[in-house]
Amino acid sequence: MTELLPKTHRILEKGPMEFRPFGEDRTGEPIRDVSGLTVRANVEHLEDLIARKYGHEASQRRLHQLVERLNSYIPDRAYQVTLTFLKNPWNSYSYEFLMYLTELCAELSGEPDFQTSLGREKYLSPVIQVLGRPFSLIQIYKLYPYFVDKFTKGALKPEVISVTDGEAVMRLALTEKTAVQFGRYRRRCAEQICQATKATIAEVPSRMFGLAPASVEDRRCMADGDDYCEWRVQWTPQRTRLWWWWITGLGAGGLCLLLLQTLSSSLPLGVQLGLAAVFPVLASLLGTLWADRKAMQEQAGVIQEQLRSVETQHEELRRAYLQQEQTTVELRRKISELTVFHQIGLRLNATLDRHEVIQACLNALIHDLGYNCALLSFFDPVRCLAHGTVLAGASEELTDLARSLEIPIKGSESFESQILVQGQPCMVEEMATVREIVHPRLQEFLRQLGARAFLAVPLRFQQTILGMMVAVRTQFGSVTAEDLSVLGTLGNQLALALHNAEIYAEIQRLNRELEAKVKERTFELEHANQQLKTTNQQLQEMNRVKSRFLSHCSHELRTPLASIKGFTDNLLAGLAGPLTDKQQIYLARITANADRLTRMISDLLDLTRIEAGKIPLSWAVVDLSALARDVAEQFHPLMDTKGQRLLVHCLDDPCLLQGDADRLTQVLTNLVHNASKFTPEGGTITIQVNRRTPEVAMMSVTDTGPGIAEDVLPQIFDPFFQAESEQEVGTKGLGLGLAIAKQLVELHHGMIAVESRIGEGTTFCVTLPTAQPNESAFPSAPPRSP
267 MTELLPKTHR ILEKGPMEFR PFGEDRTGEP IRDVSGLTVR ANVEHLEDLI ARKYGHEASQ
327 RRLHQLVERL NSYIPDRAYQ VTLTFLKNPW NSYSYEFLMY LTELCAELSG EPDFQTSLGR
387 EKYLSPVIQV LGRPFSLIQI YKLYPYFVDK FTKGALKPEV ISVTDGEAVM RLALTEKTAV
447 QFGRYRRRCA EQICQATKAT IAEVPSRMFG LAPASVEDRR CMADGDDYCE WRVQWTPQRT
507 RLWWWWITGL GAGGLCLLLL QTLSSSLPLG VQLGLAAVFP VLASLLGTLW ADRKAMQEQA
567 GVIQEQLRSV ETQHEELRRA YLQQEQTTVE LRRKISELTV FHQIGLRLNA TLDRHEVIQA
627 CLNALIHDLG YNCALLSFFD PVRCLAHGTV LAGASEELTD LARSLEIPIK GSESFESQIL
687 VQGQPCMVEE MATVREIVHP RLQEFLRQLG ARAFLAVPLR FQQTILGMMV AVRTQFGSVT
747 AEDLSVLGTL GNQLALALHN AEIYAEIQRL NRELEAKVKE RTFELEHANQ QLKTTNQQLQ
807 EMNRVKSRFL SHCSHELRTP LASIKGFTDN LLAGLAGPLT DKQQIYLARI TANADRLTRM
867 ISDLLDLTRI EAGKIPLSWA VVDLSALARD VAEQFHPLMD TKGQRLLVHC LDDPCLLQGD
927 ADRLTQVLTN LVHNASKFTP EGGTITIQVN RRTPEVAMMS VTDTGPGIAE DVLPQIFDPF
987 FQAESEQEVG TKGLGLGLAI AKQLVELHHG MIAVESRIGE GTTFCVTLPT AQPNESAFPS
1047 APPRSP
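Take the working numbering: the last position of the sequence shown gets the number 1052, and nothing is skipped along the way.
The structure is reproduced here in structure tokens:
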């Protein structure tokens, strides 16, 4: 049994209230311990006392202090009260709430006998006076249990031991429900109730009947350790006016004596006097009975009527207000929960730091939801234990201890397994009920925290349990299923925030690694770029040297070649005398090779100039159809020699464009020459000129050679590249013809493409922009960088 504290200890020392102040208790039953009239009487009495001493403004400030301090003792914000709410007579409250209120009122009023003056001035309300008006003083004291129950609804046990005219003996005890609410502070609470009740009882004769106040003598008191309070109440008896009944009785007695003396004078005088005295006595008794009967009838009628009306209305209003109170509480709770969710959501979204996220959520449990402390433990599925506990709302010593706390998970029935393995939330209303399933380390830690009841929920993200969150209260039975649901929702929010924080931390780590790698790669790239720059400079220098060398060699080679070709032509012309057939064959070969060598030297010079950007273009209007016919005429002798056919398909109208006629001729010549090399005897080469669009002209060369392999096509325009082919006719060149043709086409702002299929032949297609004959020439192309 809990040891009771002396009556000098006030219930305010307990701290926050353990029980709900109004609405419904945790079992769903309506709270009706104390009527709203009693609470309003306390508030109005405080207001009157302060107003009489210091004025109206001071009383209003003191009332606001009362509300503020009273709310500080209510842990659940859904039950916060206002001054208007406290003055509503239709509300109902718990007795624990009333005791907090009366202690605060006494403290703020500065009145040591606040309860006594409250009982004298406020508890005999007009409602009680109206209800008691039809009754006598004796009857009112007999109705003492009715009036007590009227305003406490079973929270107290009143009893009338005896009532006589002028004296009554009464008792008052606490029910078990009320005693539990008072806890160790029962004696102090009983003293407050006793003082107010005695003062109220003493004022009944004065307030209701205009008599002197009754005196109340303590015979037993719960504040001194007794099981009940017992009082002896004494007052001045009420006197009933029956004098006219005595007069009537005396008159009847005298008349009877006169008749006896007249009619029967033989009777003794004593007998006559005795018979005559009977009439006054009978008249007095009849008068008393008649008065009592009349009063009882009147009172019974009034009582029945009042009771039926008042009780019905009162109970209906009380039920309505109880329901309204509960609805208001639930609404406040929902608003508070939504507000807390919103605030916590803002805090969790304001940071991606894991430690700040955890602290924000745990602090919200303490400051916003009224838990005494809260903790979070992470789950290690590999080692199967809870570790890395973060604690809020406790001492630094316990906080440091929590960090090193590791709780192994053993057995599927254990408390830790239920949370961290099975993912089930848990509500513990009393620690003693779970001692067998909670690990001893966790039990000891919770004991040091002063936990009497707690909630635990898993922190689950998708299918992964990250840990558990525990919210602790230091009062028995102070957690509900609604609290568990709210904590579960917060746990889901926290799990998501922790997952985001973990992802953010991983991104930060990867960013740091990437930054380090970027720095490393940047250094390597800068070093490689420097090497590349050096190499490029060397290559440019080598290219310039190559170009100068080729240019010099070409000039130096062309001079002796011109002499060789000149002398050979002279010999073939017979200037040195007649030649034999064999000599003519040899000289013809020398001439052919000299021509071939001359073309090769020209190609080298052209490529070098193009790459150096030093080849000028003479822009003029060119008829592409005429150009194609001229090139075909030049190749007819060669084609006849090789047994090939050369076909030309041109537009009837001129196909005009702006360009360099010589260079375009060189392009077409190179393409036809290339086609001739790979076209077998009896093959066909086709030159085609047409307009693709009014702005674009197309020139193509198609052969019926062996075709080009698909993997070779991307390299076909590279300088010095030669595709291998067994069907190549004639001698091989340097592989510059197609490269030069591509460069010249691009200088004309055109494009060249190739299509080929093995065994079907190859088509080279050149597209060039056209121009009207009266348009100005295009500007020359910019030089190409080496």
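Yeah, the Cβ is synthetic: ideal placement off N, Cα and C, and Gly gets one too.
Source: prediction; values computed, not measured.
Inside the stretch 356-389, DSSP marks whole alpha helix (DSSP H) runs of 4 or more residues at positions 361-375, 380-387, from first to last along the chain. For V435, the secondary structure class from DSSP, reduced to helix, strand or coil, is strand.
Of the candidates T617, I953, K600, Q797, the residue whose Cα lies closest to the Cα of E768 is T617. According to the DSSP assignment, M283 belongs to no alpha helix (DSSP H), since it is labelled neither H nor E. Distance from the CA of T834 to the CA of K908, rounded to the nearest whole angstrom, comes to 24 Å. Selection I851, T931, R306 evaluated against Y359 yields R306 as nearest (Cα-Cα). Spanning the alpha carbons of A480 and R386 requires a straight line of approximately 12 Å.
With fewer than three CB-CB distances shorter than 8 Å, the stretch 692-699 does not count as touching the stretch 610-624.
Here L597 is exposed. Its C-beta has fewer than 16 other C-beta atoms within 10 Å. Per the coordinates, the alpha-carbon of G677 lies some 44 Å from the alpha-carbon of T594.
The beta carbons of K353 and V300 sit about 14 Å from each other, so the pair does not count as a contact at 8 Å.
With respect to the 7 Å criterion, F645 and G733 are classified as neighbours on the basis of their beta carbons. Excluding residues up to 5 positions away in sequence, L349 lie with their Cβ nearer than 6 Å to the Cβ of V333 in the same chain.
Taking a 10 Å sphere around the C-beta of H311, we find 16 or more other C-beta atoms and assign the residue as buried. Secondary structure at A858: helix, using DSSP grouped into helix, strand and coil.
Taking every protein chain shown into account, the CB of F711 has 16 or more other CB atoms within 10 angstroms, so this residue is buried. Using a Cβ-Cβ distance cut-off of 8 Å, the stretch 925-932 and the stretch 1007-1017 are in contact, since at least three pairs of beta carbons, one from each stretch, lie closer than that value. Contiguous alpha helix (DSSP H) elements confined to the stretch 588-644 occur at 620-633, taking only those with 4 or more residues. Boundaries of the alpha helix (DSSP H) around L686: 681-686. Under the three-state reduction of DSSP output, A421 falls in the coil class, being neither helix nor strand.
Restricting attention to G1001, V1020, Q924, the CA atom closest to the CA of L1034 is found in Q924. Pairing I953 with T945 gives a Cβ-Cβ distance that is not under 7 Å.
Short of 6 Å from the beta carbon of R343, and not among the five residues preceding or following it, lie these beta carbons of its own chain, in chain order: S602.
The beta carbons of Q447 and F285 sit closer together than 7 Å.
At the C-beta level, I982 and T1028 stay beyond 7 Å of one another.
With respect to the 7 Å criterion, Q346 and Q458 are not classified as neighbours on the basis of their beta carbons. One Cα belongs to Y637, the other to E496, and the distance between them is close to 41 Å. Note that the C-beta distance between T444 and Y389 is not below 7 Å. DSSP, read as helix, strand or coil, puts I673 in strand.
The beta carbon of I673 sits closer than 8 Å to the beta carbons of S643, L651, A652, H653, E682, H705, R707, L708 from its chain, once the five residues preceding and following it are set aside; these are given in chain order. In the assembly as shown, E269 is an exposed residue. Its beta-carbon has fewer than 16 other beta-carbons within 10 Å. Runs of the beta strand (DSSP E) lying entirely within the stretch 862-936, each at least 3 residues long, are 886-889, 911-915, 922-925 in chain order.
Relative to L934, the option among V962, L604, Q900 whose CA is nearest is Q900.
Judged by pairs of C-beta atoms under 8 Å, the stretch 318-335 does not touch the stretch 402-420, as fewer than three such pairs exist. A residue is called buried once 16 or more other Cβ atoms fall within 10 Å of its Cβ, and Y412, having fewer, is exposed.
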